[in-house]
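Okay, so here's the structure we're looking at.
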Amino acid sequence: MSIVVERTASKTDPTSIVSILKDHIKRNEPANIITWIILGGKAFMASKPSSILDFVTASSKGIPKLSVLNLAAVLDVPMKDMAVLLNVSYKTLGRKKKTDIMDTISSSLSIEIANTIAKGLSIFEDSAKLNRWLHKENRALNGQKPFDLLNTPTGIKLVNQILGRIEEGVYT
């Protein structure tokens, strides 16, 4: 396990995150670890999170833009869509360097979205399947796409509830 985590930390190419995630998903890693990997591993947070409070601390300090790039790669969406999810201007997001720190709200939303994606990956066990589900109209959401709800804490909570129902085998 430590070899893969070290690979995660040393890579700065967001697209490599997707391939690294597959190994961790197969091993049924905890959601906190998957979230940490989605956001960049050691490039995001120096050590593995021991609890959700580590993510609260990270969002208070702000996360690097690289974490948002990694999240976009896992979601397979352009940065223009990430800007909408984070309620940030596309130009503002584009001007930031990979190492620039995001504001508290954008950081918190990024972490919550990554946590939701980690939950979805543990259920679907494949990022392509999860992404199809995220971009498909859902009857439980009155025909809305789960992805379109990820721009607010309330929407994220609702998507998490639907994922929980899927995990329990409840038709949605």
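Numbering (my numbering), first residue to last: 1203 to 1374. Where is the CB? At the ideal position from N, CA and C, for every residue including glycine. All of these numbers come straight from a predicted model, not from anything done at the bench.
For residue i, report the span of its alpha helix (DSSP H) as first-last.
i	result
A1233	A1233 to I1240
T1355	Sequence check: residue 1355 is Pro here, not Thr. Run containing P1355: P1355 to E1369, per the alpha helix (DSSP H) assignment.
T1306	T1306 to F1326
R1229	Run containing R1229: none; DSSP gives neither H nor E here.
K1331	S1329 to L1336
Do residue j and residue i have their beta-carbon atoms positioned less than 8 Å apart in this structure?
i	j	result
V1279	I1319	no
G1296	M1281	yes
N1362	K1321	yes
I1364	I1315	no
K1224	W1238	no
N1376	A1233	Because residue 1376 is not part of the residues shown, which for the chain are 1203 to 1374, the question remains open.
I1240	I1227	no
E1369	I1303	no
To the nearest angstrom, how far is the alpha carbon of residue i from that of residue j?
i	j	result
S1204	S1253	Bear in mind that the predicted position of S1204 carries a pLDDT of just 33, short of 50, making it too unreliable to give a figure here.
S1308	L1288	5 Å
L1311	L1336	17 Å
E1327	D1305	31 Å
T1301	A1245	9 Å
K1341	A1248	Note on residue identity: the sequence assigns Arg, not Lys, to residue 1341. Their Cα atoms are separated by approximately 41 Å.
G1345	L1323	22 Å
K1299	L1343	36 Å
E1231	S1261	22 Å
Y1373	R1367	7 Å
D1283	I1222	23 Å
F1257	I1236	13 Å
K1331	G1243	23 Å
T1377	V1286	Any question about residue 1377 goes unanswered here, given that the chain covers just 1203 to 1374.
T1259	G1371	34 Å
R1229	L1255	24 Å
A1274	S1329	12 Å
Out of the options, which one is the CA nearest neighbour of residue i?
i	options	result
I1313	K1267, K1224 and L1365	K1267
N1333	D1350, I1307 and S1269	D1350
Y1292	V1270, T1301 and T1306	V1270
P1348	E1339, I1222 and P1355	E1339
Where are the beta strand (DSSP E) runs, 3 residues long or more, that stay fully inside the stretch 1238-1291, in chain order? none
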